[in-house]
Amino acid sequence: MPSDLTLGEWLRADGPDSDIALCTRVRFARNLLGYRFASLLDAEESRDLTAYLVQQVGQLGMQEPLRVLDLMSMSELDRELLVERHLISRELAAAERPRAAAHDEPERVALMLNEEDHLRSQVFRSGFRVEEAYAAAEALDDKLISALPIAFSEEFGFLTSCPTNVGTGLRLSVMLHLPGLVWAEEMEKAANTCQKIHLAVRGMYGEGSRALGDFYQVSNQVTLGRSESSLVDDVRVAVAQLIAWERRVRLALLAGERRPRTLDRVWRALGTLQSARILSSEECLNGLSAIRFGVQQGLLPDLSAQDLNRLLLLTQPAHLQRLHGKSLEAAERDALRASLVRGALAGRGQGAL
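Just so we're aligned: 60 in the numbering used here is position 60 of the sequence shown, and the numbers increase by one with no gaps anywhere.
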(Lines of atoms letter the chains of each structure in order from A and count residues from 1; the text may use other names and numbers.)
(Lines give C-alpha, C1' and ligand atoms only; values in the text may rest on other atoms or scores of the structure.)
Protein backbone atom coordinates (compact mmCIF):
# COMPACT_ATOMS: atom_id res chain seq x y z
CA MET A 1 0.00 0.00 0.00
CA PRO A 2 1.09 3.61 -0.51
CA SER A 3 2.66 4.72 2.76
CA ASP A 4 0.75 8.00 2.74
CA LEU A 5 -1.86 9.83 0.68
CA THR A 6 0.46 12.05 -1.33
CA LEU A 7 -0.17 12.41 -5.04
CA GLY A 8 0.94 9.56 -7.27
CA GLU A 9 2.76 10.15 -10.54
CA TRP A 10 -0.46 10.53 -12.50
CA LEU A 11 -1.56 13.61 -10.53
CA ARG A 12 1.70 15.47 -9.94
CA ALA A 13 0.84 18.10 -12.60
CA ASP A 14 4.51 18.73 -13.37
CA GLY A 15 4.81 17.34 -16.90
CA PRO A 16 4.39 18.90 -20.36
CA ASP A 17 0.84 20.11 -21.10
CA SER A 18 -0.24 18.95 -17.63
CA ASP A 19 -2.98 21.58 -17.56
CA ILE A 20 -4.84 19.28 -19.98
CA ALA A 21 -2.88 16.00 -20.04
CA LEU A 22 -2.72 14.68 -16.49
CA CYS A 23 -0.74 11.54 -17.19
CA THR A 24 0.63 9.22 -19.86
CA ARG A 25 0.47 5.47 -19.23
CA VAL A 26 2.05 2.62 -21.19
CA ARG A 27 0.91 -0.92 -20.43
CA PHE A 28 2.13 -4.26 -21.79
CA ALA A 29 0.02 -7.43 -21.51
CA ARG A 30 2.01 -10.66 -21.28
CA ASN A 31 1.25 -14.33 -20.62
CA LEU A 32 3.49 -17.25 -19.67
CA LEU A 33 4.16 -20.47 -21.50
CA GLY A 34 2.89 -23.53 -19.68
CA TYR A 35 -0.20 -21.89 -18.17
CA ARG A 36 -3.71 -21.49 -19.50
CA PHE A 37 -5.13 -17.96 -19.64
CA ALA A 38 -6.01 -16.56 -16.22
CA SER A 39 -9.77 -16.96 -16.66
CA LEU A 40 -9.32 -20.70 -17.31
CA LEU A 41 -7.08 -21.51 -14.35
CA ASP A 42 -8.40 -23.44 -11.37
CA ALA A 43 -7.60 -22.26 -7.83
CA GLU A 44 -4.44 -24.34 -7.47
CA GLU A 45 -3.08 -23.19 -10.84
CA SER A 46 -3.83 -19.57 -9.93
CA ARG A 47 -1.93 -19.95 -6.67
CA ASP A 48 1.04 -21.54 -8.44
CA LEU A 49 1.12 -18.85 -11.14
CA THR A 50 0.83 -15.97 -8.68
CA ALA A 51 3.50 -17.41 -6.38
CA TYR A 52 5.87 -17.90 -9.32
CA LEU A 53 5.32 -14.36 -10.60
CA VAL A 54 5.78 -12.85 -7.14
CA GLN A 55 9.08 -14.70 -6.79
CA GLN A 56 10.33 -13.56 -10.19
CA VAL A 57 9.24 -9.95 -9.71
CA GLY A 58 11.18 -9.85 -6.46
CA GLN A 59 14.35 -10.79 -8.37
CA LEU A 60 14.10 -8.24 -11.19
CA GLY A 61 16.74 -5.95 -9.70
CA MET A 62 14.81 -2.76 -10.34
CA GLN A 63 16.57 0.56 -9.71
CA GLU A 64 13.53 1.61 -7.66
CA PRO A 65 12.48 -1.40 -5.52
CA LEU A 66 9.01 -2.80 -6.06
CA ARG A 67 6.67 -3.46 -3.17
CA VAL A 68 4.69 -6.67 -3.75
CA LEU A 69 1.11 -6.76 -2.46
CA ASP A 70 -0.93 -9.90 -1.80
CA LEU A 71 -4.38 -8.76 -2.88
CA MET A 72 -6.03 -11.83 -1.37
CA SER A 73 -5.05 -10.76 2.15
CA MET A 74 -5.89 -7.08 1.68
CA SER A 75 -9.16 -5.48 2.70
CA GLU A 76 -11.65 -4.35 0.09
CA LEU A 77 -10.96 -0.75 1.13
CA ASP A 78 -7.21 -1.09 0.57
CA ARG A 79 -7.77 -2.67 -2.85
CA GLU A 80 -10.12 0.16 -3.79
CA LEU A 81 -7.45 2.65 -2.72
CA LEU A 82 -5.09 1.08 -5.26
CA VAL A 83 -7.78 1.36 -7.95
CA GLU A 84 -8.30 5.05 -7.21
CA ARG A 85 -4.55 5.56 -7.56
CA HIS A 86 -4.64 3.71 -10.93
CA LEU A 87 -2.17 1.09 -9.69
CA ILE A 88 -4.56 -1.82 -10.31
CA SER A 89 -7.75 -2.30 -12.32
CA ARG A 90 -11.24 -2.66 -10.88
CA GLU A 91 -11.32 -6.17 -12.34
CA LEU A 92 -8.20 -7.22 -10.44
CA ALA A 93 -9.49 -5.65 -7.24
CA ALA A 94 -12.80 -7.53 -7.48
CA ALA A 95 -11.48 -10.92 -8.63
CA GLU A 96 -11.70 -13.82 -6.19
CA ARG A 97 -8.77 -15.87 -7.49
CA PRO A 98 -5.22 -15.65 -6.05
CA ARG A 99 -3.61 -12.50 -7.42
CA ALA A 100 -1.05 -9.85 -6.55
CA ALA A 101 0.27 -6.45 -7.52
CA ALA A 102 3.51 -4.50 -7.17
CA HIS A 103 4.52 -0.86 -7.45
CA ASP A 104 7.46 1.40 -6.73
CA GLU A 105 7.38 4.18 -4.14
CA PRO A 106 6.88 7.08 -6.63
CA GLU A 107 4.07 5.09 -8.31
CA ARG A 108 5.72 5.39 -11.71
CA VAL A 109 5.77 1.60 -12.20
CA ALA A 110 3.02 -0.89 -11.34
CA LEU A 111 2.54 -4.58 -12.10
CA MET A 112 -0.69 -6.59 -12.02
CA LEU A 113 -0.20 -10.33 -11.50
CA ASN A 114 -2.86 -12.83 -12.61
CA GLU A 115 -5.26 -10.22 -13.95
CA GLU A 116 -6.99 -10.75 -17.34
CA ASP A 117 -3.50 -11.65 -18.53
CA HIS A 118 -0.87 -13.32 -16.37
CA LEU A 119 1.18 -10.14 -16.17
CA ARG A 120 0.41 -6.54 -16.99
CA SER A 121 3.21 -4.03 -16.55
CA GLN A 122 2.42 -0.32 -16.38
CA VAL A 123 4.59 2.79 -16.50
CA PHE A 124 3.23 6.26 -15.67
CA ARG A 125 4.60 9.71 -16.46
CA SER A 126 3.01 12.97 -15.41
CA GLY A 127 1.75 15.13 -18.26
CA PHE A 128 2.04 14.40 -21.98
CA ARG A 129 5.22 12.30 -22.12
CA VAL A 130 4.56 9.58 -24.67
CA GLU A 131 8.14 8.90 -25.76
CA GLU A 132 9.55 8.94 -22.22
CA ALA A 133 6.81 6.66 -20.88
CA TYR A 134 7.19 4.25 -23.79
CA ALA A 135 10.98 4.05 -23.42
CA ALA A 136 10.67 3.27 -19.70
CA ALA A 137 7.92 0.69 -20.31
CA GLU A 138 9.93 -0.98 -23.06
CA ALA A 139 12.97 -1.26 -20.77
CA LEU A 140 10.80 -2.83 -18.06
CA ASP A 141 9.24 -5.20 -20.58
CA ASP A 142 12.70 -6.29 -21.74
CA LYS A 143 13.56 -7.17 -18.13
CA LEU A 144 10.39 -9.22 -17.78
CA ILE A 145 10.90 -11.03 -21.09
CA SER A 146 14.45 -11.93 -20.04
CA ALA A 147 13.26 -13.28 -16.69
CA LEU A 148 10.07 -15.09 -17.72
CA PRO A 149 8.95 -17.65 -20.37
CA ILE A 150 6.64 -15.27 -22.25
CA ALA A 151 4.12 -16.72 -24.73
CA PHE A 152 4.97 -15.45 -28.22
CA SER A 153 3.92 -16.56 -31.69
CA GLU A 154 5.89 -15.77 -34.85
CA GLU A 155 2.57 -15.42 -36.67
CA PHE A 156 0.52 -13.44 -34.14
CA GLY A 157 3.05 -11.84 -31.80
CA PHE A 158 2.50 -11.79 -28.04
CA LEU A 159 -0.47 -13.97 -27.08
CA THR A 160 -3.10 -12.35 -24.88
CA SER A 161 -6.44 -13.26 -23.35
CA CYS A 162 -8.33 -10.57 -25.27
CA PRO A 163 -7.95 -10.61 -29.08
CA THR A 164 -7.66 -6.80 -29.22
CA ASN A 165 -4.36 -7.02 -27.32
CA VAL A 166 -2.80 -9.77 -29.47
CA GLY A 167 0.29 -8.62 -31.33
CA THR A 168 2.30 -6.09 -29.40
CA GLY A 169 0.16 -6.31 -26.25
CA LEU A 170 0.69 -2.56 -25.99
CA ARG A 171 -1.90 -0.16 -24.63
CA LEU A 172 -0.84 3.49 -24.58
CA SER A 173 -3.24 5.92 -22.96
CA VAL A 174 -3.26 9.58 -21.98
CA MET A 175 -5.58 10.96 -19.30
CA LEU A 176 -7.05 14.26 -20.50
CA HIS A 177 -9.13 16.96 -18.80
CA LEU A 178 -11.43 18.29 -21.53
CA PRO A 179 -14.04 20.61 -19.98
CA GLY A 180 -13.79 22.99 -22.93
CA LEU A 181 -14.84 20.37 -25.46
CA VAL A 182 -17.63 19.17 -23.16
CA TRP A 183 -19.01 22.65 -22.42
CA ALA A 184 -18.82 23.65 -26.09
CA GLU A 185 -20.65 20.41 -26.99
CA GLU A 186 -17.78 19.27 -29.20
CA MET A 187 -16.74 16.21 -27.18
CA GLU A 188 -18.89 13.80 -29.17
CA LYS A 189 -17.30 15.06 -32.38
CA ALA A 190 -13.83 14.64 -30.85
CA ALA A 191 -14.63 11.09 -29.68
CA ASN A 192 -15.99 10.14 -33.11
CA THR A 193 -12.84 11.50 -34.75
CA CYS A 194 -10.72 9.34 -32.46
CA GLN A 195 -12.79 6.24 -33.15
CA LYS A 196 -12.31 6.69 -36.91
CA ILE A 197 -8.57 6.28 -36.43
CA HIS A 198 -9.03 3.30 -34.08
CA LEU A 199 -8.49 5.12 -30.80
CA ALA A 200 -10.72 4.49 -27.79
CA VAL A 201 -12.12 7.29 -25.63
CA ARG A 202 -13.11 6.14 -22.13
CA GLY A 203 -13.76 7.49 -18.66
CA MET A 204 -11.26 8.13 -15.86
CA TYR A 205 -10.96 4.46 -14.87
CA GLY A 206 -10.77 3.02 -18.36
CA GLU A 207 -13.00 0.47 -20.04
CA GLY A 208 -16.60 0.55 -18.84
CA SER A 209 -16.18 3.69 -16.74
CA ARG A 210 -18.08 6.97 -17.12
CA ALA A 211 -16.33 10.23 -18.00
CA LEU A 212 -16.98 12.00 -14.71
CA GLY A 213 -15.52 15.45 -14.18
CA ASP A 214 -14.74 15.86 -17.90
CA PHE A 215 -11.79 13.43 -17.60
CA TYR A 216 -11.17 11.05 -20.50
CA GLN A 217 -8.64 8.35 -21.34
CA VAL A 218 -7.58 8.20 -24.99
CA SER A 219 -5.81 5.01 -26.05
CA ASN A 220 -5.06 2.70 -28.96
CA GLN A 221 -7.59 -0.09 -29.55
CA VAL A 222 -6.00 -2.79 -31.74
CA THR A 223 -2.40 -3.98 -31.72
CA LEU A 224 -2.35 -6.94 -34.15
CA GLY A 225 -0.46 -6.22 -37.36
CA ARG A 226 0.94 -2.93 -36.07
CA SER A 227 4.41 -2.06 -34.84
CA GLU A 228 4.84 -0.54 -31.41
CA SER A 229 6.34 2.62 -32.91
CA SER A 230 3.36 3.17 -35.23
CA LEU A 231 0.90 2.76 -32.33
CA VAL A 232 2.88 5.22 -30.23
CA ASP A 233 2.93 7.72 -33.10
CA ASP A 234 -0.82 7.38 -33.64
CA VAL A 235 -1.63 8.19 -30.03
CA ARG A 236 0.97 10.95 -29.78
CA VAL A 237 -0.29 12.78 -32.87
CA ALA A 238 -3.99 12.37 -32.02
CA VAL A 239 -3.58 13.51 -28.41
CA ALA A 240 -1.50 16.51 -29.49
CA GLN A 241 -4.37 17.50 -31.79
CA LEU A 242 -6.92 17.03 -29.00
CA ILE A 243 -4.86 19.21 -26.66
CA ALA A 244 -4.64 21.95 -29.31
CA TRP A 245 -8.39 21.64 -29.94
CA GLU A 246 -9.15 21.95 -26.22
CA ARG A 247 -6.94 25.06 -25.98
CA ARG A 248 -8.74 26.74 -28.87
CA VAL A 249 -12.15 25.97 -27.39
CA ARG A 250 -11.14 27.27 -23.95
CA LEU A 251 -10.12 30.60 -25.45
CA ALA A 252 -13.39 30.77 -27.39
CA LEU A 253 -15.39 30.06 -24.22
CA LEU A 254 -13.73 33.02 -22.52
CA ALA A 255 -14.33 35.44 -25.39
CA GLY A 256 -17.30 37.53 -26.48
CA GLU A 257 -20.83 36.46 -25.61
CA ARG A 258 -19.70 33.10 -24.21
CA ARG A 259 -17.49 34.59 -21.51
CA PRO A 260 -20.21 35.48 -18.93
CA ARG A 261 -21.71 31.98 -19.01
CA THR A 262 -18.27 30.38 -18.69
CA LEU A 263 -17.32 32.62 -15.76
CA ASP A 264 -20.65 31.85 -14.11
CA ARG A 265 -19.98 28.13 -14.46
CA VAL A 266 -16.60 28.44 -12.74
CA TRP A 267 -17.78 30.73 -9.95
CA ARG A 268 -20.99 28.81 -9.37
CA ALA A 269 -18.95 25.62 -8.92
CA LEU A 270 -16.60 27.37 -6.49
CA GLY A 271 -19.50 28.79 -4.49
CA THR A 272 -21.25 25.44 -4.32
CA LEU A 273 -18.19 23.56 -3.15
CA GLN A 274 -17.32 26.27 -0.61
CA SER A 275 -20.73 25.97 1.03
CA ALA A 276 -22.10 22.46 0.39
CA ARG A 277 -22.74 20.21 3.38
CA ILE A 278 -23.38 17.10 1.28
CA LEU A 279 -21.33 16.22 -1.82
CA SER A 280 -21.58 13.04 -3.88
CA SER A 281 -18.52 11.84 -5.78
CA GLU A 282 -20.07 12.89 -9.08
CA GLU A 283 -21.08 16.38 -7.96
CA CYS A 284 -17.67 16.90 -6.40
CA LEU A 285 -15.78 15.81 -9.52
CA ASN A 286 -17.90 17.99 -11.77
CA GLY A 287 -17.41 20.98 -9.49
CA LEU A 288 -13.66 20.44 -9.20
CA SER A 289 -13.49 20.13 -12.99
CA ALA A 290 -15.00 23.59 -13.43
CA ILE A 291 -12.71 25.07 -10.78
CA ARG A 292 -9.68 23.38 -12.35
CA PHE A 293 -10.65 25.00 -15.65
CA GLY A 294 -10.72 28.35 -13.86
CA VAL A 295 -7.32 27.76 -12.27
CA GLN A 296 -5.69 26.76 -15.55
CA GLN A 297 -7.15 29.77 -17.36
CA GLY A 298 -5.89 32.19 -14.73
CA LEU A 299 -9.29 33.03 -13.25
CA LEU A 300 -8.43 31.81 -9.74
CA PRO A 301 -4.80 32.80 -9.06
CA ASP A 302 -4.81 31.76 -5.40
CA LEU A 303 -5.42 28.10 -6.27
CA SER A 304 -2.97 25.74 -7.99
CA ALA A 305 -3.33 22.66 -10.16
CA GLN A 306 -1.75 20.64 -7.34
CA ASP A 307 -4.44 21.90 -4.94
CA LEU A 308 -7.19 20.69 -7.27
CA ASN A 309 -5.48 17.42 -8.18
CA ARG A 310 -5.03 16.60 -4.51
CA LEU A 311 -8.74 17.18 -3.89
CA LEU A 312 -9.60 15.04 -6.92
CA LEU A 313 -7.79 12.15 -5.26
CA LEU A 314 -8.65 12.66 -1.59
CA THR A 315 -12.38 13.01 -2.25
CA GLN A 316 -12.58 9.54 -3.84
CA PRO A 317 -14.44 7.05 -1.59
CA ALA A 318 -11.52 4.88 -0.48
CA HIS A 319 -9.24 7.84 0.16
CA LEU A 320 -11.92 9.55 2.23
CA GLN A 321 -12.29 6.45 4.36
CA ARG A 322 -8.52 6.09 4.76
CA LEU A 323 -8.35 9.73 5.92
CA HIS A 324 -11.14 9.05 8.43
CA GLY A 325 -9.56 5.81 9.58
CA LYS A 326 -12.57 3.53 9.10
CA SER A 327 -15.24 2.35 6.67
CA LEU A 328 -18.09 4.78 6.08
CA GLU A 329 -21.59 4.54 4.66
CA ALA A 330 -22.30 6.56 1.50
CA ALA A 331 -24.14 9.31 3.41
CA GLU A 332 -21.22 9.65 5.85
CA ARG A 333 -18.77 9.87 2.95
CA ASP A 334 -20.82 12.59 1.26
CA ALA A 335 -20.81 14.69 4.44
CA LEU A 336 -17.09 14.15 5.05
CA ARG A 337 -16.31 14.95 1.41
CA ALA A 338 -18.18 18.25 1.67
CA SER A 339 -16.35 19.14 4.88
CA LEU A 340 -12.95 18.34 3.36
CA VAL A 341 -13.63 20.41 0.25
CA ARG A 342 -15.03 23.36 2.22
CA GLY A 343 -11.89 23.44 4.34
CA ALA A 344 -9.58 23.27 1.33
CA LEU A 345 -11.41 26.01 -0.60
CA ALA A 346 -12.24 28.33 2.31
CA GLY A 347 -11.37 31.94 1.48
CA ARG A 348 -10.13 31.06 -2.01
CA GLY A 349 -11.12 33.17 -4.99
CA GLN A 350 -11.34 36.43 -3.06
CA GLY A 351 -10.65 39.41 -5.28
CA ALA A 352 -10.34 37.35 -8.48
CA LEU A 353 -12.21 38.12 -11.67
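Backbone N, C-alpha and C define an ideal beta-carbon position, used for all residues, glycine too.
Asked                                                                                                                                  : Found
Should A29 and D142 be called a contact, given that it needs their Cβ atoms to be closer than 8 Å?                                     : no
Curious, which full-length beta strand (DSSP E) runs of at least 3 residues does the region 143-226 contain?                           : 170-177, 199-202, 215-220
Identify whether T315 lies in helix, strand or coil by the three-state DSSP scheme.                                                    : coil
Name, in chain order, the residues that DSSP records as bridge partners for Q122.                                                      : R27, A110
Please check if any C-beta of chain D sits within less than 8 Å of the C-beta of Q55.                                                  : Chain labels in this structure do not include chain D; a single protein chain is all it has.
Quick check on the burial criterion: 16 or more other C-beta atoms within 10 angstroms. Buried or exposed for E396?                    : Not covered by the structure: residue 396. The range shown for the chain is 1 to 353.
If I follow the unbroken alpha helix (DSSP H) through L66, where does it start and stop?                                               : Per DSSP, L66 belongs to no alpha helix (DSSP H); it is in the beta strand (DSSP E), 66-70.
Any idea if E188 is buried or exposed, counting beta-carbon neighbours within 10 angstroms, 16 or more meaning buried?                 : exposed
With burial defined as no fewer than 16 other Cβ atoms inside 10 Å of the residue's Cβ, what is the status of R250: buried or exposed? : buried
Is DSSP giving L328 helix, strand or coil here?                                                                                        : coil
By the 10 Å Cβ neighbour count, where 16 or more other Cβ atoms means buried, how is P179 classified, buried or exposed?               : buried
Tell me the rounded alpha-carbon separation between E89 and E257.                                                                      : Reading the sequence as shown, one finds Ser at residue 89 and not Glu. Cα to Cα, the separation comes out at about 43 Å.
Starting from H103, follow its DSSP beta bridges and name the residues at the other end.                                               : R67, A110
I need the DSSP call for A346, collapsed to helix, strand or coil.                                                                     : coil
Quick check: the region 65-76 against the region 101-120, are there 3 or more CB pairs under 8 Å?                                      : yes
First and last residue of the alpha helix (DSSP H) that includes Y35?                                                                  : Taken as a continuous stretch (DSSP letters only), Y35 belongs to no alpha helix (DSSP H), as it is neither H nor E.
Under 8 Å, do L176 and L242 count as touching if we go by C-beta distance?                                                             : yes
Give the DSSP-derived three-state secondary structure of A21 in the structure shown.                                                   : strand
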